[in-house]
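Chains as they are written, first to last, in this note's numbering: chain U, 681 to 1043; chain W, 2 to 309.
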Amino acid sequence: MAQVLMKDLNKKYDEVHAVKDVNLHIRDKEFIVLVGPSGCGKSTTLRMVAGLEEITSGEISIGDRIVNDLPPKDRDIAMVFQNYALYPHMTVYDNMAFGLKMRKFPKPEIQKRVQDAAEILGIQELLKRKPRQLSGGQRQRVAVGRAIVRHPQVFLFDEPLSNLDAKLRVQMRVELKRLHDRLETTAIYVTHDQVEAMTLGDRVVVMRDGWIQQVGEPLELYSKPANKFVAGFIGSPAMNFADVTIADANGVVWAETPGLRVRVPPACLERLRPYKGQHITLGIRPEDLHLAGGADPSEYTFDSTVEVVEPLGSEILLDIKTGPNMMVARVDPTVRVKVHESIRLALNPERLHFFDMKTEAAI
Amino acid sequence: MPDGGRDPARPRRRTHPRSPPEELHVVIERRWKKWVFFYIPLTLFIIGTLFPFYWMFITSIRPDAELYRSWRAVNNAPFWTLHPTLDHFQDLMAKTTFPTWLWNTFFIAVASTLISLFCGLLAGYALARLRFPLAGTLGTSIFVTYLVPPTLLFIPLADIIRNFQLGNTPWALILTYPTFLVPFCTWLLMGYFKTIPRELEECARIDGASRFGAMVRIIFPIAVPGILSAGIFAFTLSWNEFIYALVFLSSPERKTVPVGVVSELIRGDIYFWGQLMAGALLGSVPVALVYSFFVEYYVTGLTGSVKG
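Here is the structure:
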């Protein structure tokens, strides 16, 4: 059990600056997820914690030890890789026991720990098999088992579920969550899948181009994204964006763009004051749009044309066009609309997001 | 290639049921093609590769009377014999130092293979895995040394051998064969190491092994097919090597099989065909044995497949 501290962490390859000034305090027993598109530096950060990449500048400490110059074997960590990295020439038992053997644990202790881990993961029957005789899900379990037998201070996961099929991925996600609740070990988990990030993480770190964009609890990222990138990255389908002009008409402030005219909610007025007459980005999540009814005030409704209807069973996604802007609305499965039909949509004024055009920061 | 056997059934399933004439046409075309592109070339190839061995064998058991008979003689049967004899083998063992040659060749081949494998393993691993300045250049230059023909290289090497007073000793060959074996092993093993996922080793290092420990405990056992094929190749190359053996060894009892057979069994313009072929046959048996023993490893070694 330990906290992990990263201080001004940087990684430069010859030309590429992969990780830029990362500062992160991971608390003891916390499950933290690094998420971002490929090439954002999340894996590099994890590999620096593991000791597989050298640190260009900055400092990493695990527990109260600075580990910058420690080889991976002395950092007391365990890592699960995307391709499982099981040793193909060893049985499952030997795979799991390898780390303990290397650390010269007595044989009965090794046996006990492997048995315990196998029991937790439900792989007791597989111990005598070789990795190539296992299915993808089983291999994944063995890889996790190999990590937990060591009782390390920190677990590192590098996209461990990416090679599994969709159904198994959901199942393993739940198991990992349950495992973490049981073992209470600090874990750093890297993924490009925002659903995994949201469901697994106690806190989520969104990265882009080597910079940390935002650190926060999953729902905080969802409801209060720090900038346009986080807003677009978290949530599926992604947030709708429209470039609007802030205009003042007879004391009422509007956000306008062809086809869309929304009154700025009173709560946001103060923040938007400096932007009067300027262009900013308006963000609306698909779930904050619904078919307009009689109760919806007219200043929060707009007309649009349905372009594509995607019925998903539990909900319907409507790809709509309003003026030049394309948007997605997530509506009730009971709604009956046809392609090319004109509909009137209402939006939830309390959940509008505004972003600066230049800095992309949330306003 | 073995797929060919299942071919005729396939078009029948694939073609549309409403067009039987077309179906027939496809089947016939396929059979015809299989003969022209598969069976006939394969047969020619097999005959081409195996005939020299057959010729070697038949010559070595043919009595002298048949060997030196004119081709136009009555009853001449060049492709078989009705009076097989082991005389040539006995002569080879009794009248020449063939057993010694065999031992020399074996000893030299094994020693130089071991040296080259050791160097090749470490160099191949370093070039495949470690990041250090000029790694690429080093890899290429090692490869270039492999391209220098031995027919040129033996001249400076002869000078070195003389300076070290190694002439006419097995060490002359054991130490010069690695000049072409090390680059060869390095490149073959480097290619093989590159097919082994990096994560295996990284995982081992996190699990508690040092880099060297991970290499020895994880990478080498997985690379066994590659190591074996490099070893077999190196062994065969040194077993068959001719020029260095011819130049660096002089006394008959020090010679290797390829040189000994040629220099002791061709005297002037007299060819002792029976003994020559008996020697050649016995000389190729160990190599053939080694190959057939490890053929499966050998194929995976060259295609480099690691399945997690």
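No residue lacks a Cβ here, since even glycine has one placed at the ideal position from N, Cα and C.
- Message: Could you compute how far the alpha carbon of W/PHE273 sits from the alpha carbon of W/ILE267?
- Response: Translated into positions along the second sequence, residue 273 of chain W becomes position 272. Translated into positions along the second sequence, residue 267 of chain W becomes position 266. So the two alpha carbons sit approximately 6 Å from each other.
- Residues that U/HIS769 contacts on chain W, provided the C-beta gap is smaller than 7 Å: If you number the first sequence from 1, residue 769 of chain U lands on position 89. Result: PRO222 and ILE223.
- Item | Endpoints, alpha helix (DSSP H) assigned at W/THR44 | Taking the first residue of the second sequence as position 1, residue 44 of chain W is located at position 43. Start and end: 41-61.
- Query: For the beta strand (DSSP E) that contains W/PHE90, what are its first and last residues?
  - Reply: Sequence index remark: in the second sequence, residue 90 of chain W carries index 89 (1-based). That residue, W/PHE90, is in no beta strand (DSSP E); its alpha helix (DSSP H) goes 88-96.
- Message: Quick check on DSSP: helix, strand or coil for W/PHE249?
- Response: In the second sequence, residue 249 of chain W corresponds to position 248, counting from 1. If DSSP states are grouped into helix, strand and coil, W/PHE249 belongs with the helices.
- Task: Show which residues of chain W have a CB atom less than 8 Å away from the CB atom of U/ARG783.
- Result: For the purposes of this step, residue 783 of chain U is taken as residue 103 along the first sequence, with counting starting at 1. Within chain W, the residues near U/ARG783 are GLY209.
- Message: Pull the bridge partners of U/ILE712 from the DSSP assignment, please.
- Response: The residue you call residue 712 of chain U lines up with position 32 of the first sequence. In DSSP, U/ILE712 forms a bridge with U/ILE868 and U/ARG883.
- Residues in its own chain within less than 6 Å of U/MET919 by CB, not counting five upstream and five downstream? The residue labelled residue 919 of chain U in the question sits at position 239 within the first sequence. Excluding positions up to five away in sequence, the list reads ALA911, GLY912, GLY963 and ARG965.
- Query: So the beta strand (DSSP E) U/ARG826 belongs to, where does it begin and stop?
  - Reply: Indexing the first sequence from 1 puts residue 826 of chain U at position 146. Where U/ARG826 is concerned, there is no enclosing beta strand (DSSP E), although the alpha helix (DSSP H) it sits in stretches over 816-828.
- Query: Over what stretch of residues does the beta strand (DSSP E) that includes U/THR981 continue unbroken?
  - Reply: Here residue 981 of chain U is taken as the residue at index 301 of the first sequence, counted from 1. Unbroken beta strand (DSSP E) run through U/THR981: 981-991.
- Query: Considering only the beta carbon of each residue, do U/LEU806 and U/VAL772 sit closer than 8 Å?
  - Reply: Locating residue 806 of chain U in the first sequence gives position 126, counting from the first residue. Locating residue 772 of chain U in the first sequence gives position 92, counting from the first residue. Going by C-beta atoms, U/LEU806 is nearer than 8 Å to U/VAL772.
- Message: Measuring CB atoms only, is the region 1030-1042 of chain U touching the region 895-915 of chain U, in the sense that at least three cross pairs come out at less than 8 Å?
- Response: yes
- Quickly, what does DSSP pair U/ARG1010 with across the bridge? List them, please. Mapped onto the first sequence, residue 1010 of chain U falls at position 330. DSSP output for U/ARG1010 lists U/LEU997 as bridge partner(s).
- Assign W/ARG163 to one of two classes, buried (16 or more other C-beta atoms within 10 Å of its C-beta) or exposed (fewer than that). In the second sequence, the residue the question calls residue 163 of chain W occupies position 162. With fewer than 16 other Cβ atoms within 10 Å, it is exposed.
- Just reading off the alpha helix (DSSP H) that U/LYS1038 is part of, what are its end residues? Within the first sequence, residue 1038 of chain U is the residue found at index 358, counting from 1. No alpha helix (DSSP H) holds U/LYS1038; DSSP gives it neither H nor E.
- Going by beta carbon distance, what residues of the same chain come within less than 6 Å of W/PRO64, once the five residues before and after it are set aside? In the second sequence, counting from the first residue as 1, residue 64 of chain W sits at position 63. HIS84 and THR86.
- Return the Cβ separation of U/LYS908 and U/THR961 in integer angstroms, given the expectation that the two are a contact with Cβ distance under 8 Å. Counting from one through the first sequence, the residue named residue 908 of chain U turns up at place 228. Counting from one through the first sequence, the residue named residue 961 of chain U turns up at place 281. Indeed they touch by this definition, with Cβ atoms about 6 Å apart.
- Task: Express the C-alpha separation of W/PHE181 and W/GLY121 in angstroms, rounding to a whole number.
- Result: As a working note, residue 121 of chain W is residue 120 in the second sequence. As a working note, residue 181 of chain W is residue 180 in the second sequence. Looking at the two C-alpha atoms, the distance is approximately 11 Å.
- Looking at the unbroken beta strand (DSSP E) that takes in U/HIS970, where does it start and where does it end? As a working mapping, residue 970 of chain U is identified with position 290 in the first sequence. Start and end: 969-971.
- Item | C-alpha gap between W/GLY125 and W/MET216, whole angstroms | Translated into positions along the second sequence, residue 125 of chain W becomes position 124. Translated into positions along the second sequence, residue 216 of chain W becomes position 215. Roughly 12 Å separates the two Cα atoms.
- Message: I need the straight-line Cα distance from W/ALA289 to W/ALA205, nearest angstrom please.
- Response: As a position in the second sequence, residue 289 of chain W is number 288, starting the count at 1. As a position in the second sequence, residue 205 of chain W is number 204, starting the count at 1. Answer to the nearest angstrom: the Cα atoms are 38 Å apart.
- Query: So with Cβ pairs under 8 Å, would you call U/TYR693 a contact of chain W?
  - Reply: In the first sequence, the residue the question calls residue 693 of chain U occupies position 13. Answer no: the Cβ-Cβ gap between U/TYR693 and chain W never drops below 8 Å.
- Which residues in chain U sit within 9 Å of W/GLU254, going by Cβ to Cβ distance? Looking up residue 254 of chain W in the second sequence gives position 253. Those do not exist, as W/GLU254 stays about 44 Å from chain U at its closest Cβ, beyond 9 Å.
- Item | Distance, W/TYR178 Cα to W/LEU148 Cα | Taking the second sequence and counting its residues from 1, the one referred to as residue 148 of chain W is at position 147. Taking the second sequence and counting its residues from 1, the one referred to as residue 178 of chain W is at position 177. Each residue's alpha carbon lies about 14 Å from the other.
- Message: I'd like to know whether the C-beta of W/ILE219 is nearer than 8 Å to at least one C-beta of chain U.
- Response: Here residue 219 of chain W refers to the residue found at position 218 when the second sequence is read from its first residue. Yes, contact with chain U.
- Message: Helix, strand or coil for W/TYR147? Go by DSSP, reduced to three states.
- Response: Translated into the one-based positions of the second sequence, residue 147 of chain W becomes position 146. W/TYR147 falls in the helix class under three-state DSSP.
- Can you tell me which of U/GLU979, U/HIS1020, U/PRO977 and U/SER978 puts its alpha carbon nearest to the alpha carbon of U/LEU998? The residue you call residue 998 of chain U lines up with position 318 of the first sequence. Nearest option by C-alpha distance: U/HIS1020.
- Item | Cut-off 6 Å between Cβ atoms - residues of its own chain near U/GLU897, not counting five sequence neighbours on either side | Numbered from its first residue, the first sequence carries residue 897 of chain U at position 217. ARG883, listed in sequence order.
- Task: Would you give the residue range spanned by the alpha helix (DSSP H) that W/GLU67 belongs to?
- Result: In the second sequence, counting from the first residue as 1, residue 67 of chain W sits at position 66. It spans 65-68 - the alpha helix (DSSP H) in which W/GLU67 sits, taken as one unbroken run.
- Message: For a cutoff of 8 Å on Cβ pairs, would you count U/PHE835 as touching chain W?
- Response: Here the question's residue 835 of chain U lines up with position 155 in the first sequence. By this cut-off, U/PHE835 is not an interface position.
- Message: Below 7 Å on C-beta distance, what does U/GLY779 contact in chain W?
- Response: Here residue 779 of chain U refers to the residue found at position 99 of the first sequence. Correct list: ASP208 and GLY209.
- Task: Whole angstroms is fine: what's the gap from U/LEU1027's alpha carbon to U/LEU714's?
- Result: The sequence position of residue 1027 of chain U within the first sequence is 347, counting from 1. The sequence position of residue 714 of chain U within the first sequence is 34, counting from 1. U/LEU1027 and U/LEU714: Cα-Cα distance of roughly 32 Å.
- Min CB distance U/VAL684 to chain W below 8 Å: Position 4 of the first sequence, counted from the start, is the residue given in the question as residue 684 of chain U. It does not: the Cβ of U/VAL684 has no partner Cβ on chain W nearer than 8 Å.
- Task: Quick one: which residues of the region 727-745 of chain U get their C-beta closer than 7 Å to a C-beta of chain W? List them in chain order.
- Result: ALA730 and LEU732
- Item | Inside the region 189-243 of chain W only - beta strand (DSSP E) runs reaching at least 3 residues | none
- Query: In its own chain, which residues sit with a C-beta less than 8 Å from the C-beta of U/ASN690, not counting the 5 before and 5 after it?
  - Reply: Numbered from 1 along the first sequence, position 10 holds the residue referred to as residue 690 of chain U. Cβ neighbours of U/ASN690 beyond the five flanking positions: HIS697, VAL699, LYS700, ASP701, VAL702, ILE735, THR736, SER737 and GLY738.
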